[in-house]
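Colleague:
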Amino acid sequence: MIVIDIDASRVTVAQRTGTERYSYELIAALDRIAPSDIHFRLYVNGRRDQLPPVSERATIHDIRLPRLWTHLRLGPTSWRARPHVLFVPAHVVPLLHPPTVVTIHDVGYRAFPETHTARRRLELELTTRWSLRAARHVITISHATKRDLINWYGADPNRITVTHLGCSSIFAPPADPRVVAAVTAHYGLDQRPYLLYIGTVQPRKNLSRVIDALALTIAAGYDLDLVIAGKRGWLSEPIERRAGELGIANRVHFTGFVADADLPALLAGALAFVFPSLYEGFGMPVVEAMACGTPVITSTSSSLPEIAGDAALLVDPLDTNAIAAAIMRLSDDQDLRATLRQRGLARAHLFNWETCARQTLAVLLQQSR
Numbered sequence: 001m002i003v004i005d006i007d008a009s010r011v012t013v014a015q016r017t018g019t020e021r022y023s024y025e026l027i028a029a030l031d032r033i034a035p036s037d038i039h040f041r042l043y044v045n046g047r048r049d050q051l052p053p054v055s056e057r058a059t060i061h062d063i064r065l066p067r068l069w070t071h072l073r074l075g076p077t078s079w080r081a082r083p084h085v086l087f088v089p090a091h092v093v094p095l096l097h098p099p100t101v102v103t104i105h106d107v108g109y110r111a112f113p114e115t116h117t118a119r120r121r122l123e124l125e126l127t128t129r130w131s132l133r134a135a136r137h138v139i140t141i142s143h144a145t146k147r148d149l150i151n152w153y154g155a156d157p158n159r160i161t162v163t164h165l166g167c168s169s170i171f172a173p174p175a176d177p178r179v180v181a182a183v184t185a186h187y188g189l190d191q192r193p194y195l196l197y198i199g200t201v202q203p204r205k206n207l208s209r210v211i212d213a214l215a216l217t218i219a220a221g222y223d224l225d226l227v228i229a230g231k232r233g234w235l236s237e238p239i240e241r242r243a244g245e246l247g248i249a250n251r252v253h254f255t256g257f258v259a260d261a262d263l264p265a266l267l268a269g270a271l272a273f274v275f276p277s278l279y280e281g282f283g284m285p286v287v288e289a290m291a292c293g294t295p296v297i298t299s300t301s302s303s304l305p306e307i308a309g310d311a312a313l314l315v316d317p318l319d320t321n322a323i324a325a326a327i328m329r330l331s332d333d334q335d336l337r338a339t340l341r342q343r344g345l346a347r348a349h350l351f352n353w354e355t356c357a358r359q360t361l362a363v364l365l366q367q368s369r
């Protein structure tokens, strides 16, 4: 029996985004595809009810601690239990640990330091350096992040494996148009065509420039709204004020966190998904938008060209005029929207959680020897 410990603490939150969704989907897929001689021990810090359904091959261990859980509870507990390997799906290897594989999602704080607080930059810098040093092997979710770790930290490329993320089966064009109509009406979006962003509201997502681009588009005579669907992150206040400063507060809708069940309809109802982020380790919302048949505008930076391929309009995220021009081009060109829809649907099929799980499991088994 091969025993794999997993830090499942990221899963146990009420509102999953980014690394939490990755942890949830990957744990579920690992449980589905692993052979019978593998046993998973899932460690959580409360809220075990938020875990995905798992088989008898997995046991759940609730080892609660209010602070410093990773270093004072996860690490010592796993070290004493002596698994073949510990898997940490997000960034931080415990100070005391058995053989460990860690996923480092991105190093955006290096590329755009001004989008993070000084304290957060220091935390991320220290934990990334430690994890690169302490882990037996590192997983990144794009070739772009792997290159950044090599270029900025001198990481050994032979100790890094790339595993692209998957896309949940819930993301697909809704079969019934009435579902789209009901969801858009629920969020008050039945007045005019809308652009959609999904993700945490924080500077790295470049939302201030998206709002500026919307103002340029409206000034050029286009009748559009912008929907920003996501929970607040750090430094979100200036973003939330920007629309009022430009006199278009009635055209920008901050919905807060949107439940997964509503996302496919919200995406399908949008004129375009606008995601010109400054930096992404992968850009999961781009794949989810493509899977729902929504035309995508995204960035020429970081991992986003790698993920979007030829299925999106790529723009310089620092060029507000370019973002506005892409919005206007999609608004005017029905044939282009149809082309991007078909390309996006095809490209989204390249990303699935079973493939991600098989690649991850191969790394874990290799490092368990």
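Residue numbering for the sequence shown follows UniProt numbering, starting at 1 and increasing by one per position.
Here a beta-carbon is modelled for each residue, glycine too, at the ideal position from N, C-alpha and C.
As the structure is a computational prediction, the values presented were derived from the model and not from experiment.
Going by DSSP in three states, D7 sits in which element: helix, strand or coil?
Modeller: In the structure shown, D7 sits in a strand (DSSP, three-state: E or B).
Colleague: Would you mind reading off the limits of the beta strand (DSSP E) that contains D333?
Modeller: First-last for D333: undefined, no H or E at that position.
Colleague: At which residues does the alpha helix (DSSP H) containing A185 begin and terminate?
Modeller: Run containing A185: 177-186, per the alpha helix (DSSP H) assignment.
Colleague: Give me, in chain order, the residues of the same chain whose beta-carbon lies closer than 7 angstroms to that of L95; leave out the 5 immediate sequence neighbours on both sides.
Modeller: H71, G75, listed in sequence order.
Colleague: Straight-line CA distance for L51 to Y22?
Modeller: If you take the alpha carbons of L51 and Y22, they lie about 12 angstroms apart.
Colleague: Leaving out five residues on either side along the sequence, give the residues of the same chain with a beta carbon under 7 angstroms from the beta carbon of Y24.
Modeller: For Y24, where only same-chain residues beyond five positions count, the Cβ hits under 7 angstroms are V11, R16, P52.
Colleague: Considering A357, what are the terminal residues of the alpha helix (DSSP H) in which it resides?
Modeller: 353-367 is the span of the alpha helix (DSSP H), which, as asked, contains A357.
Colleague: So, are the CB atoms of E63 and R48 less than 7 angstroms apart?
Modeller: Note on residue identity: the sequence assigns Ile, not Glu, to residue 63. No; because the gap between Cβ atoms is not below 7 angstroms, this pair is not in contact.
Colleague: I need the straight-line Cα distance from G281 to A181, nearest angstrom please.
Modeller: One C-alpha to the other measures close to 33 angstroms.
Colleague: Look at the alpha carbon of A243 and the alpha carbon of L278, and state the distance between them as a whole number of angstroms.
Modeller: Looking at the two C-alpha atoms, the distance is approximately 20 angstroms.
Colleague: Between which two residues does the alpha helix (DSSP H) holding R120 run?
Modeller: 118-134 is the span of the alpha helix (DSSP H), which, as asked, contains R120.
Colleague: Contact between the segment 135-155 and the segment 228-235: three or more CB pairs below 8 angstroms?
Modeller: No contact exists between the segment 135-155 and the segment 228-235.
Colleague: Let's see if you can read the secondary structure: which residues bound the beta strand (DSSP E) around D225?
Modeller: D225 -> beta strand (DSSP E) spans 225-229.
Colleague: In whole angstroms, what is the alpha-carbon distance linking I139 and V93?
Modeller: Rounded to whole angstroms, I139 to V93 spans 13 angstroms at the Cα level.
Colleague: At which residues does the alpha helix (DSSP H) containing A268 begin and terminate?
Modeller: Run containing A268: 263-268, per the alpha helix (DSSP H) assignment.
Colleague: Nearest-angstrom Cα distance between V102 and F273?
Modeller: So the two alpha carbons sit approximately 31 angstroms from each other.
Colleague: Short of 7 angstroms in beta carbon distance, which residues of its chain neighbour L207, apart from the five on each side in sequence? Order them along the chain.
Modeller: Correct list, in chain order: Y197, V201, I228, I239.
Colleague: Give a yes or no on whether the C-beta atoms belonging to I27 and I2 are separated by under 7 angstroms.
Modeller: Taking 7 angstroms as the Cβ cut-off, I27 and I2 do not qualify as a contacting pair.
Colleague: Quick one: grab the DSSP three-state call for G256.
Modeller: Of the three classes helix, strand and coil, the one that applies to G256 here is strand, per DSSP.
Colleague: Drop a sphere of 10 angstroms on the beta-carbon of V85, count the other beta-carbons inside from all chains shown, and report buried for 16 or more, exposed for fewer.
Modeller: Per the 10 Å Cβ criterion, buried.
Colleague: From A357 to D223, what distance separates their C-alpha atoms?
Modeller: Going by the C-alpha atoms only, they are around 44 angstroms apart.
Colleague: Under 7 angstroms between the Cβ atoms of A312 and T298?
Modeller: Yes; because the gap between Cβ atoms is below 7 angstroms, this pair is in contact.
Colleague: I need the boundaries of the alpha helix (DSSP H) containing D62, first residue and last residue.
Modeller: No alpha helix (DSSP H) holds D62; the beta strand (DSSP E) holding it covers 58-62.
Colleague: Would you kindly work out how many angstroms separate the C-alpha atoms of L350 and I104, rounded to a whole number?
Modeller: Rounded to whole angstroms, L350 to I104 spans 22 angstroms at the Cα level.
Colleague: What is the rounded straight-line gap between the Cα of L314 and the Cα of T300?
Modeller: Cα to Cα, the separation comes out at about 5 angstroms.
Colleague: Of the residues A58, Y109, E56, R57, which one's Cα is nearest the Cα of S302?
Modeller: Nearest option by C-alpha distance: Y109.
Colleague: Check the C-beta distance from A172 over to A325 and give it rounded, since I have them as a contact under 8 angstroms.
Modeller: A172 to A325, Cβ: 30 angstroms. No contact.
Colleague: Would you grab the beta carbon distance between A58 and T100 for me? Rounded to a whole angstrom, and I think it's under 8 angstroms.
Modeller: A58 to T100, Cβ: 19 angstroms. No contact.
Colleague: When you compare each of V210, L214, L165, I4 to E354 by their alpha carbons, which one comes out closest?
Modeller: Looking at the Cα atoms, L165 is the closest of the given residues.
Colleague: Among S78, D176, T360, A215, which has the Cα closest to the Cα of A249?
Modeller: The shortest C-alpha separation from A249 is found at A215.
Colleague: Considering only DSSP beta bridges, list what L42 is partnered with.
Modeller: I6, I60.
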